[in-house]
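As structure tokens, the structure follows; a few thoughts come after it.
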Amino acid sequence: MSYIIGLDPTDRSATPLHKAGSVGMDSTGAEYIYVQAGATINSGDCVAVDSSFSAQAITKTLADTLPIVGFAQAAFTSGNWGWVARRGVGVRGNMLANTTVNVPLYTTGTAGHLSHVSTSQTMVHGVCATTTSGSNATQTLRASVSPSVIRGTVNA
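Sequential numbering from 0 applies to the sequence shown in numbering that gives the first Met the number 0.
So, in structure tokens, the structure goes:
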């Protein structure tokens, strides 16, 4: 596999600048995948990516059906192309208030946000928060492996 080195994870374009699904690395060593936004995506949103590399803010329904997970480091307008983080230390992601650090994270009822609360949600494997906030906020993450979802309902 070849990498695109030195990418800017905040670059957005109305037309593709790279092949959909291209993999790249930023100056910190974080790994990214090139996607097209299937809907508006907020900065920090956890996204689910389908096999044609269309990304949407993650929900339980999307997590249960789509294979790839990433984190938008800048906002996308629907239809725009850009990079989403797949792994790295210091990646930013949207969390619900008081998300516990260094524990598994799950989808929530708020599209694009994760939480440590597992009830009736889907686990996003391979990622944990490294900071916390008393309100819904973009927090620092560690994605030690390419994030993926654990299929099925937890604690239903």
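Idealized CB from N, CA, C, for every residue including glycine.
Measure the alpha-carbon distance for Q55 versus Y105 and round it to whole angstroms. Going from the Cα of Q55 to the Cα of Y105 covers about 16 Å.
Under a three-way DSSP split, which group does L113 fall into? strand
Whole angstroms are fine: how far does the CA of R141 sit from the CA of F52? 23 Å
Cα separation between R150 and D63? Caution is warranted here: a pLDDT of 43 is assigned to R150, below 50, making its placement in the model unreliable, and the coordinate value is therefore given only provisionally. Using only the alpha carbons, I get a separation of about 6 Å.
Going residue by residue through the stretch 14–42, where are the continuous beta strand (DSSP E) segments of at least 3 residues, counting only ones entirely within it? 22–24, 30–36
Could you check the C-alpha separation between S21 and I3 for me, to the nearest Å? About 8 Å.
Nearest to V68 by alpha carbon, out of A74, S50, A13? The candidate whose alpha carbon is nearest that of V68 is S50.
Taking DSSP's pairing of strands, which residues face S12 in a bridge? Answer is W80.
Buried or exposed: where does V48 fall if 16 or more other Cβ atoms within 10 Å of its Cβ makes it buried? Its Cβ being crowded by 16 or more others within 10 Å, V48 is buried.
Extent of the continuous beta strand (DSSP E) run through A62: Where A62 is concerned, there is no enclosing beta strand (DSSP E), although the alpha helix (DSSP H) it sits in stretches over 59–62.
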